[in-house]
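Worksheet: one structure, shown below.
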Amino acid sequence: MRKRKIINKIALTICFFTALWGLFWLFFIIFDVIQHGITALTPSLILNDPTPPDVPGGGLKHAIIGHLLITITATLIGVPIGVLGGTFLAEYGRNWRVSRIISFLADTMVSVPAIIVGAFVYAILVKPFGHFSGFAGAVALAIIMIPVIVRTTENMLSLIPWTLREAAFALGAPYYKVIFQIVYRGAGMGIFTGIILAIARVTGEAAPLLFTSFNNAFTSYDLREPLASLTVTIFQYAMGPYEEWHRQAWGASFLITLLILALTLLGRYLIKRRFRH
Amino acid sequence: MISSKKEYLFNAFFLLITGLSAFLIIVLLLGIFVVLFSESLPAIKKFGFVKFITTPTWDPVREIFGGAIPLFGTLVTSFLALIIAVPIALGIAIFISEVAPRSVKEPIGTAIELLAAIPSIIYGMWGLFTLAPLQAKYVEPFLQSTLGKLPYIGKLFSGVPLGIDLLTASLILSIMIIPFTASIARDAFQLVPAVLKESAYGLGATKWEVIKDVMIPYCKLGILGGIGLSLGRALGETMAVAFVLGNLNQFPSSLFSPTTTVTVKLANEFTEAEKDIHLASLFYLALLLFIMSFTILAIAKYLIQRTRNR
Amino acid sequence: MKKILVLFIFTAILFSCKGKEEAPKAPGKTLNGAGATFPYPLYSSWASSYYKETGKKVNYQSIGSGGGIRQITERTVDFGASDMPLKPEELEEKKLLQFPTVIGGVVVAVNIPELGEKTLVLDGNTLCKIFLGDIKTWDDPQLKALNPGLNLPSKPITPVYRSDGSGTTAIFTHYLVDVCPKWAKEIGFGTSVNFRVGIGAKGNEGVANYVKRTPYTIGYLEYAYAIQNKIPVTNLKNSQGKIVSPSVETFKEAAKTSKLDPAKHFYTWMTNAPGENSWPIAGATYILLAKEKVEVNKEVVKFFDWAFSQGDKSALDLHYVPLPEEVKAQIREYWKSQGLY
């Protein structure tokens with residue numbers, strides 16, 4: 217008996233240490249990024265355009281603006297398609313075999329290497345039109361985003377009890393009205409959370425942007441032109457020979473990590489609030 | 000009922016756009032597959048399948064390309080990452096769902112999930128600038144002087160510890176996939192009926208015995224599925240390993256050897272490939288990776304589905 | 061409520077469709093260029109001053125020489141850049157024009173703690189053998205013979221090479237092909253080759269960090285990166301048997317003694333150049349233009365013409381070597397003959 221109790225204690229203590237192991241790496245990475253990033257974070261880093269490596273005072277304004285433009289456009293493309301697609305899977309098509317296949321494909325698509333998505337968009341939106349564009353980058357991010365949103369929407373909608381819908385049907389409401397007035401209203405917060413997490417997921421991607429939105433040394437607001445992004449800028453600056461660039465790359469890493477962690481925590485918070493009610 | 004026709008039309012229209020959106024997934028996936036396939040066609044024609052996956056040569060000058068090493072490297076790094084990550088992820092899941100006091104459950108759970116939110120380019124930068132030097136300076140010499148002295152397994156720790164190697168890459172990968180395995184295992188543990196656990200406690204079992212003999216056997220399909228999902232993720236990870244694996248086209252001889260993976264090859268050579276056959280071979284690797292991760296994920300999904308349906 | 065939602069979804073869809081229709085339009089006045097990583101800092105410096113003076117935007121992005129060649133061939137950029145010159149036949153086939161802009165040198169960095177402040181000397185033959193794995197330790201008799209006064213340790217050599225494809229690798233391996241028959245026969249030259257020994261590192265930066273951090277390594281990298289990272293570099297015995305150290309002067313000497321022929325679109329390799337004081341691993345970096353885009357090309361040429369007359373100082377500040385004046389004159393003639401100047 218005593219032996220069993222000791223084994224129990226040891227095993228559970230080991231579990232405790234595995235959790236510590238996970239937390240250790242999280243804090244290690246975050247502190248490392250903060251430590252390197254915080255010294256780089258100056259007003260000029262955010263407000264200025266980039267300068268050549270021999271001129272001090274360059275900033276990341278072009279990359280911040282480009283990054284926001286690309287992410288917002290990707291969201292505008294990806295969210296409606298994702299939510300509608302998820303709606304089909306959970307509502308109209310719920311009994312169709314094809315829905316289950318689509319839902320499965322969406323799951324596997326989430327894990328397609330991002331660099332492959334970049335190559336795909338390059339082939340359909342860059343090569344045929346003869347130039348890189350921020351829009352192509354947004355489409356690449358949207359493609360990564362769509363399956364994530366499709367799956368969360370589907371999951372959230374199926375959490376709404378079927379009896380609620382039946383009550384509305386009994387009142388003679390057409391299906392679309394039921395979806396809008398009953399289902400979306402109930403699952404709204406869940407879908408919103410899914411969207412936030414999807415944005416957090418795509419905004420850290422560098423590989424799919426390299427061959428689509430490319431990069432731009434100047435601030436541009438035009439989606440038809442190549443656009444800079446924080447992630448591609450990190451990729452380029454980290455490999456350059458100049459201390460100043462490394463500093464800015466860490467600064468950009470800091471910004472992007474902060475943004476993503478904030479989005480993710482917001483998403484988590486919303487989930488928690490939803491399930492508490 | 001004047002409006003019923005209008006409503007019928009609206010409904011049909013809404014059905015149409017939702018259906019099209021869902022269908023887009025198939026179109027996109029097929030599109031990706033077609034693009035990959037057509038771009039890799041020259042390499043498929045030139046090298047065939049069996050020859051390509053068994054040839055270890057990657058010689059852009061002589062235009063001889065074989066995927067044996069990157070494919071092998073992909074599998075080895077991913078499996079090593081799993082070996083490190085799975086026990087830890089299971090431990091974390093057990094800790095959160097069974098051991099931890101209620102007040103710390105959520106914070107720790109969220110913190111572990113945050114590991115999945117950190118972008119892989121950050122993992123890469125951190126791995127190269129911070130972790131690799133530490134590995135080279137402290138961890139690997141230590142392993143070499145302890146485990147390296149043992150018979151048989153000592154060979155795994157031979158070579159010059161440089162920090163840019165299989166061990167560092169697998170370690171980073173394992174950190175990245177821990178949250179996936181952990182969260183699926185947690186979900187699976189929650190599905191264990193309380194009656195089962197309580198009856199085991201009733202028989203006088205300790206907590207660990209309940210976990211080991213009741214919960215894990217009950218969830219094993221779901222856990223396997225979670226491992227599969229993590230494996231799928233590890234296979235496709237690009238940026239994080241690109242910085243710390245060295246891209247050396249040689250079979251690794253120990254944990255301290257640099258080697259290469261499909262994604263590392265893609266990230267390092269995609270932009271520089273100037274000969275068509277070189278680019279086609281890279282696409283061919285990407286295609287094989289795509290098929291490989293697709294199959295593994297399909298199996299994983301199937302397993303998870305089966306636990307849920309129980 | 062539902063109307064608002066429907067409206068929102070409609071506009072969202074319309075927006076996404078509209079975007080797709082708009083995309084094909086030609087981009088604005090910005091000139092987009094892509095390619096070699098090596099001249100990226102310099103081109104971006106030039107572009108920034110050019111913008112200040114003329115208000116014209118030149119957006120150059122480093123995606124690698126291979127990428128530069130590919131993108132200009134597929135006409136997705138206004139100009140491409142490559143560290144590896146294309147052969148005249150290849151230019152003909154892809155309908156491209158080519159001219160050099162600036163010279164760079166590849167240096168050999170080493171990390172041997174025992175050396176202290178002293179400089180190691182290598183020649184083509186030993187360098188080749190090290191990268192082939194034929195010379196395995198630092199106290200090899202062949203290295204001792206070249207460095208009689210040095211205390212070379214009996215430690216294994218770890219060569220470090222670029223794991224990403226790169227023009228730097230092309231120049232370095234071209235030099236080894238020039239000086240070493242075994243290398244020419246078994247490995248050859250190119251932006252990425254089949255290295256047999258050593259460790260790959262990504263980018264010049266990767267190689268620099270690697271060599272700096274790890275004792276008993278040897279790697280090749282661009283001069284600018286060696287200076288920036290304050291890494292000890294070796295001297296080399298050049299084609300005339302003279303020991304030279306890497307510097308702006310020895311790179312310039314290599315450029316002067318190489319034959320840059322406008323009729324061949326300046327196709328040449330500056331490796332193992334014949335001059336008395338030539339650094340043996342030098343090379344020019346090139347711009348590629350799409351032949352049929354005359355109007356765009358005129359704008360690109362204007363930019364580089366400006367850079368040739370105003371940009372030497374920033375080139376030197378960033379540790380690049382400007383082209384000798386006589387070469388610049390040749391390039392201007394070349395532009396004229398193509399109707400671009």
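Residue numbers (the working numbering), protein chains in the order written: chain A, 217 to 493; chain B, 0 to 309; chain C, 61 to 401.
Cβ atoms here follow ideal geometry from the backbone N, Cα and C, with glycine treated the same way.
Fair warning: this is a prediction, and the values are worked out from it, not measured in the lab.
Local conformation of residue i per DSSP, three classes
i      : result
Q300/C : coil
A116/B : helix
A141/C : strand
R222/C : strand
L27/B  : helix
D265/A : coil
N92/C  : strand
T270/B : coil
Y327/C : coil
V191/B : coil
V333/A : helix
G225/B : helix
S122/C : strand
I278/C : strand
V159/B : coil
P101/C : helix
T258/B : strand
N295/C : strand
Reference residue i; option with closest CA among the options
i      : options                           : result
E370/A : K393/A, P268/A, A339/A and G410/A : G410/A
N119/C : F430/A, R463/A, L479/A and Y458/A : F430/A
F32/B  : T289/A, A279/A, P329/A and F233/A : P329/A
A352/A : R401/A, E441/A, W312/A and G402/A : E441/A
W553/A : A306/A, F427/A and L300/A         : In the structure displayed, chain A extends from 217 to 493; residue 553/A sits before or after that span and is not available.
P145/C : L287/B, I303/B and E273/B         : E273/B
L79/B  : F255/B, C218/B, S102/B and Y301/B : F255/B
G47/B  : Q249/B, G90/B, V191/B and L287/B  : L287/B
H325/C : Y110/C, E149/C, G140/C and R130/C : E149/C
F289/B : A299/B, L28/B, L113/B and Q304/B  : L28/B
S315/A : T435/A, S327/A, G301/A and V326/A : G301/A
R61/B  : Y301/B, D275/B and F282/B         : D275/B
Continuous alpha helix (DSSP H) stretch holding residue i: start and end
i      : result
L239/A : R218 to A256
G390/C : Checking the sequence, you will find Gln at residue 390/C rather than Gly. Its alpha helix (DSSP H) spans residues E385 to S397.
Q370/C : V354 to Q370
E134/C : Counting along the chain, E134/C falls outside any alpha helix (DSSP H), and DSSP gives it neither H nor E.
I287/C : Y283 to N289
D238/C : G227 to V239
M238/B : M238 to V243
P140/B : E139 to T145
T336/C : According to the sequence displayed, residue 336/C carries Glu and not Thr. Here E336/C belongs to no alpha helix (DSSP H), and DSSP marks it neither H nor E.
Endpoints, the beta strand (DSSP E) within which residue i is located
i      : result
A342/C : A342 to A350
I259/C : I259 to A261
Presumed contact (8 Å Cβ cut-off) between residue i and residue j, rounded CB distance
i      : j      : result
I183/B : G123/B : No, I183/B and G123/B are not in contact; Cβ-Cβ is about 25 Å, not under 8 Å.
S260/A : G275/A : 5 Å
A356/A : V333/A : 5 Å
Q158/C : I347/C : 7 Å
S252/C : S125/C : Incorrect: roughly 11 Å between the Cβ atoms, too far for contact.
M372/A : I407/A : 5 Å
D143/C : A94/C  : With a Cβ gap of about 13 Å, D143/C and A94/C do not count as contacting.
W106/C : S374/C : 7 Å
A402/C : G279/C : Absent from the model: residue 402/C. The displayed extent of chain C is 61 to 401, so no value can be given.
D323/A : R381/A : D323/A to R381/A, Cβ: 25 Å. No contact.
A422/A : V364/A : Incorrect: roughly 18 Å between the Cβ atoms, too far for contact.
A162/B : A135/B : Just to set this straight, residue 162/B is Gly in the shown sequence, not Ala. Indeed they touch by this definition, with Cβ atoms about 3 Å apart.
Distance cut-off 7 Å: residue i Cβ against heavy atoms of the ligand SAH
i      : result
G225/B : For the ligand SAH, the structure offers nothing, since it holds no ligand at all.
Interface partners of residue i on chain E, CB under 9 Å
i      : result
L357/A : Here the protein chains are A, B and C, and chain E is not one of them.
Within the stretch 151-207 of chain C, ranges of the beta strand (DSSP E) (whole runs, at least 3 residues): 156-171
Suppose only complete runs of 4+ residues qualify. What are the alpha helix (DSSP H) ranges in the stretch 382-431 of chain A, listed by chain order? 391-394, 400-418 and 423-426
So within the stretch 39-119 of chain B, which uninterrupted alpha helix (DSSP H) runs reach at least 4 residues, ignoring any that extend past its ends? 49-53, 67-93 and 101-116
Whole runs of the alpha helix (DSSP H) within the stretch 304-374 of chain A, excluding any shorter than 4 residues: 313-325 and 330-337
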